[in-house]
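Contents: one structure, followed by commentary.
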Amino acid sequence: MRRFADLYDALDQTTSTNRKVEAMVAWFRAAPPADAAWALWFLTGNRIRRLVPTKDLRSAAVAATGHPEWMLAECYTAVGDLAETLALLVDHEPDTHDEGDLPLHVWLTRIVALPTLDSPAREAALRAWWAALPGRERFVLNKLLTGAFRVGVSRTLVVRALAEVAGVSPATLAHRLMGSWEPTPEAWLGLLDAERATEDRTRPYPFFLASPLEGDPAALGDVSGWLAEWKWDGIRAQVIRREGTLAIWSRGEELVTDTFPEVAGAAALLPVGTVLDGELMAWRGEEPLPFADLQTRIGRKKLDKRVLDAAPVVLVAFDVLEAGGDDLRERPLSERRERLAELVAPLAPTLRLSEEVRAPGWEGLGASRAGARERGVEGLLLKRRDSPYGVGRTRGPWWKWKIAPLTMDGVLVYAQAGHGKRAGLFTDYTFAVWQDDTLLPVAKAYSGLTNVEIDELDRWIRRHTIERFGPVRSVEPVHVFELAFEGIAPSPRHKSGVAVRFPRILRWRRDKVPADADTLDSLRALLRVRA
Numbered sequence: 001m002r003r004f005a006d007l008y009d010a011l012d013q014t015t016s017t018n019r020k021v022e023a024m025v026a027w028f029r030a031a032p033p034a035d036a037a038w039a040l041w042f043l044t045g046n047r048i049r050r051l052v053p054t055k056d057l058r059s060a061a062v063a064a065t066g067h068p069e070w071m072l073a074e075c076y077t078a079v080g081d082l083a084e085t086l087a088l089l090v091d092h093e094p095d096t097h098d099e100g101d102l103p104l105h106v107w108l109t110r111i112v113a114l115p116t117l118d119s120p121a122r123e124a125a126l127r128a129w130w131a132a133l134p135g136r137e138r139f140v141l142n143k144l145l146t147g148a149f150r151v152g153v154s155r156t157l158v159v160r161a162l163a164e165v166a167g168v169s170p171a172t173l174a175h176r177l178m179g180s181w182e183p184t185p186e187a188w189l190g191l192l193d194a195e196r197a198t199e200d201r202t203r204p205y206p207f208f209l210a211s212p213l214e215g216d217p218a219a220l221g222d223v224s225g226w227l228a229e230w231k232w233d234g235i236r237a238q239v240i241r242r243e244g245t246l247a248i249w250s251r252g253e254e255l256v257t258d259t260f261p262e263v264a265g266a267a268a269l270l271p272v273g274t275v276l277d278g279e280l281m282a283w284r285g286e287e288p289l290p291f292a293d294l295q296t297r298i299g300r301k302k303l304d305k306r307v308l309d310a311a312p313v314v315l316v317a318f319d320v321l322e323a324g325g326d327d328l329r330e331r332p333l334s335e336r337r338e339r340l341a342e343l344v345a346p347l348a349p350t351l352r353l354s355e356e357v358r359a360p361g362w363e364g365l366g367a368s369r370a371g372a373r374e375r376g377v378e379g380l381l382l383k384r385r386d387s388p389y390g391v392g393r394t395r396g397p398w399w400k401w402k403i404a405p406l407t408m409d410g411v412l413v414y415a416q417a418g419h420g421k422r423a424g425l426f427t428d429y430t431f432a433v434w435q436d437d438t439l440l441p442v443a444k445a446y447s448g449l450t451n452v453e454i455d456e457l458d459r460w461i462r463r464h465t466i467e468r469f470g471p472v473r474s475v476e477p478v479h480v481f482e483l484a485f486e487g488i489a490p491s492p493r494h495k496s497g498v499a500v501r502f503p504r505i506l507r508w509r510r511d512k513v514p515a516d517a518d519t520l521d522s523l524r525a526l527l528r529v530r531a
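Each residue of the sequence shown is one higher than the one before, counting from 1 in the working numbering.
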């Protein structure tokens, strides 16, 4: 645990990508396979689900410190992170049985066994562990216990480090890390095997991502060298049809085959040795349905006929990565698209080719883009026709040329303290619009303000709080903010009857008074504008 805490500190205390990579390379080379497998699992974004109920963690902290529970709650409000709060409260020098030198995998064996214990036994184990560890290790342990382990390192950097350790290409390592794998010594050694020839037949390829285009697309050169497609608002996915297996993977590396049986049924008819990349979309007739309809399929354990009929799903395919068992990713996009068209044509409409948007020049494509929202899409994707299929977000070959977001003016009505580095500052805000003479909350946002504005608003909130509801404060409704959002949909779960997607603050409208804010009717009018 001590060495893992050293790695956590090394990654957390620098912004240099090279230093982060160097720290991981040194740590992985020195770590035993059982520890390295678990460290890699966490660093690539995997988490163990919370194995200890919050009430048990709080009970153990109260028993270990003698502090009343209300004090723990107040400290948590100030710190904003449960793992850090517990590590600070249980503040002592470790006893003579300091277990910081125990290997990481031994600690994980203990942690994953916690659900087999009753509450008193869990509390006793927690208190013993906290007593045996100094502050740094205690903090990292709590992060693992709460399922909130995060550190400032991207998956791309982890792949770079691991590729250097293994002596294989980053692209190969990225592929090996896709999909499901267990943090075992055998898995770790398999990842490092330079001679490894076989792969999990259900494993997806790393997704290739487009970069935001913010300037004039004419700077990209002759339009004839680019393929333009609609940017669909769905779930990015790969469909894998290989010998003896069929799998649908989301970009978040979740296996969603059972969630979309109609797509799986059509994909089962693809030739063996086929991998498609595309967008899962709720679709009816010739038009896409709002993303909110697709969400009704996500997370359901049972998909009855009513659910399937309400939100039928298709795969809008825009690339083929493997055909006939051959890896096509290094072939030019124009060639891959021809193969793709041949593969999906017999399986329409459930598998359908992403439409090419044609125009004689950039100005014409701009005109098509301007009407994207009415089509239910987010803008255009621009892809160089000679581009291979890369790994991750590589600037240059693929660009996303999105339409401007929808906007509204809302009044700040509630505020809550943030978490982590923002703990102690009010940075999470709720905004409302008018319904007759009442302000009705419609959106929450926490990004978009500068540090100076956050500090100013935090001081104002503390002086102008009307009521407190636990960590939430009701404030005087006097400040207006312009919010941007990607879409809007009806929502019976919200009192306003609408839900906005990805709201964020554009600017503090100091030039406006609350009466200038939008109304619920003006938001509902946007429902007629496809988003």
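Ideal Cβ positions, reconstructed from N, Cα and C, are used throughout, including at glycine.
Just so it is clear, the structure is predicted and the values come from calculations on it, not from any experiment.
Identified DSSP bridge partners for residue i
i: residue 383; result: 227 and 398
i: residue 481; result: 410 and 508
i: residue 403; result: According to DSSP, residue 403 bridges with nothing at all.
i: residue 416; result: 428 and 472
i: residue 488; result: 500
i: residue 352; result: 316
i: residue 172; result: In the DSSP output, where bridge partners are listed per residue, residue 172 has none listed.
i: residue 278; result: 237 and 317
i: residue 392; result: 208
i: residue 519; result: 434
Beta carbon of residue i nearer than 7 angstroms to that of residue j
i: residue 488; j: residue 498; result: yes
i: residue 410; j: residue 431; result: yes
i: residue 238; j: residue 206; result: no
i: residue 385; j: residue 278; result: no
i: residue 79; j: residue 69; result: no
i: residue 382; j: residue 401; result: yes
i: residue 3; j: residue 87; result: no
i: residue 160; j: residue 21; result: yes
i: residue 11; j: residue 153; result: yes
i: residue 56; j: residue 122; result: yes
i: residue 280; j: residue 252; result: no
i: residue 90; j: residue 41; result: no
i: residue 485; j: residue 475; result: no
i: residue 512; j: residue 480; result: yes
i: residue 316; j: residue 352; result: yes
i: residue 247; j: residue 136; result: no
i: residue 520; j: residue 440; result: yes
i: residue 229; j: residue 119; result: no
i: residue 213; j: residue 399; result: yes
i: residue 194; j: residue 168; result: yes
Environment of residue i [buried if 16+ CB atoms lie within 10 Å]
i: residue 462; result: exposed
i: residue 126; result: buried
i: residue 416; result: buried
i: residue 328; result: buried
i: residue 469; result: exposed
i: residue 17; result: exposed
i: residue 369; result: buried
i: residue 452; result: exposed
i: residue 301; result: exposed
i: residue 298; result: exposed
i: residue 522; result: exposed
i: residue 397; result: buried
i: residue 288; result: buried
i: residue 28; result: buried
i: residue 373; result: buried
i: residue 606; result: In the structure as shown, the chain starts at 1 and stops at 531, and residue 606 therefore has no counterpart that could be examined.
i: residue 1; result: buried
i: residue 208; result: buried
i: residue 305; result: exposed
Specify whether the segment 139-151 and the segment 45-53 touch according to this definition: at least 3 beta carbon pairs, one from each stretch, less than 8 angstroms apart. Contact between the segment 139-151 and the segment 45-53 is present, because at least three Cβ pairs lie under 8 angstroms.
For a minimum of 4 consecutive residues, which ranges assigned as the alpha helix (DSSP H) are wholly contained in the segment 428-476? As far as the segment 428-476 is concerned, its whole alpha helix (DSSP H) runs of at least 4 residues are 451-463.
State whether the segment 213-223 contacts the segment 264-274, with contact taken as three or more CB pairs (one from each stretch) at a distance under 8 angstroms. The segment 264-274 and the segment 213-223 do not touch, with fewer than three beta-carbon pairs separated by less than 8 angstroms.
Along the chain, which unbroken stretches of the alpha helix (DSSP H) at least 4 residues long are found entirely within the segment 281-337? You should have 291-295 and 305-310.
Unbroken alpha helix (DSSP H) runs of length 4 or more, entirely within the segment 198-276: which are they? The alpha helix (DSSP H) runs lying completely inside the segment 198-276 and spanning 4 residues or more are 261-267, given in chain order.
When you compare the segment 256-263 with the segment 390-403, are there three or more beta-carbon pairs, one atom per stretch, that lie closer than 8 angstroms? With a cut-off of 8 angstroms, the segment 390-403 and the segment 256-263 do not count as touching, because too few Cβ pairs lie within range.
Which runs of the beta strand (DSSP E) at least 3 residues long sit entirely within the segment 56-111? Give them in chain order. Runs of beta strand (DSSP E) with 3 or more residues, each lying fully within the segment 56-111, are absent.
Inter-stretch contact (C-beta, 8 angstroms, three-pair minimum) for the segment 22-32 and the segment 160-171: Yes: the two stretches touch, three or more of their Cβ pairs being nearer than 8 angstroms.
Are the segment 344-363 and the segment 316-327 touching by the rule of at least three beta carbon pairs closer than 8 angstroms? Verdict: yes, contact present.
Could you tell me whether the segment 473-490 touches the segment 284-300, where touching means 3 or more Cβ pairs closer than 8 angstroms? Verdict: yes, contact present.
As an exercise, report each continuous alpha helix (DSSP H) stretch of at least 4 residues that is fully enclosed by the segment 120-155, in chain order. Complete alpha helix (DSSP H) runs here, min 4: 135-146.
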